[in-house]
Amino acid sequence: MEGKKTREEVEKSGMIDTWMRKHRLIYSGATKHPFILSIRDGTVDLEAFKTWLGQDYIFVRAFAPFVASVLIKAWKESDDSSDMEVILSGMASLNDEIAWFKSEAAKWGVQLSEVVPQKANQDYCRFLESLMSPDVEYTVAMTAFWAIEAVYQASFALCLEDGSKTPAELTETCRRWGNDGFGQYCNSLQKIANRRLGKTPDDVLSKAEVTLLRVLEHEVEFWNMSHGSA
Ligand SMILES: Cc1ncc(CNC=O)c(N)n1
């Protein structure tokens, strides 16, 4: 049996929930973006969807090495060997995902080799690269990893809810990130992040919170490329 937790431990162990409440406006800005709402209400501009598809393919190619860097941090720093399995399962689905992007792009007539990364995408990929540095703590990288996956899960799950008018040709895309299995995987990532955040020093805790906010901002800018960019 575990001993009684201190108040501080209890508070920190649900850090992600605490932060989601604290930053709920920016979180819903990322998960209920006008682009996602346009898919959900069936008014989506299919050219905007194609833009998203091409840009996201480039992002996912940069995301895979980021996840690999989290795997390395878990191997070196984690206090729980099951973390590696969760991260590895994420890497395995990225393999599928890259193949899916290629076949989906072919379906929509998007030439992936000709897609030029837009500024928001470049900025996001550069941010991911900064998180790959060995100087970035496992806890900080894990928080970012959870947030990146959770935004897509929440966004696309919204397009599958009862009453949504998602066009039939987009439901497969929405299911890719909105399905229950992906939801479970995000819960596993959240559990790891919460466990780590619960035992991290305050300076690392602050870094993780700032990193979470940066992820949410990058996600909003990423959606903006397809819809409503200024
Ligand atoms: C911009 C962005 N954020 C999160 C995801 C979801 N993770 C992997 O697929 C994604 N594909 N693209």
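Residue numbers (our numbering): 35 to 264.
Heads up, the beta-carbon is just placed ideally off N, CA and C, and yes, glycines get one too.
Proximity to M118 across V254, I226, S260 and D236 peaks at I226, based on C-alpha coordinates. Taking a contact to require three or more Cβ pairs closer than 8 Å, the region 156 to 175 and the region 234 to 242 qualify as touching.
Restricting attention to alpha helix (DSSP H) runs no shorter than 4 residues, the region 181 to 258 encloses them at 202 to 212 and 214 to 231, ordered along the chain.
Between K153 and R74, the CB-CB gap reaches or exceeds 8 Å. With 16 or more other Cβ atoms inside 10 Å of its own Cβ, R229 counts as buried.
In this structure, Y219 has its beta carbon at no less than 7 Å from each heavy atom of ligand 1.
The distance from the Cβ of G88 to that of V185 is about 19 Å, inconsistent with a contact at the 8 Å cut-off.
F93 places its beta carbon less than 8 Å from that of Y158.
One Cα belongs to L122, the other to E203, and the distance between them is close to 30 Å. Shown here for A108: same chain residues with a beta carbon closer than 7 Å to its own, the five before and five after excluded, namely D117, M118, I121 and Y172 in chain order. In this structure, G232 places its C-beta atom within 8 Å of the C-beta atom of M49. T177 places its beta carbon 8 Å or farther from that of L250.
Between S260 and W86, the C-beta spacing is below 8 Å. Assigned with DSSP and collapsed to three states, Q89 falls in helix.
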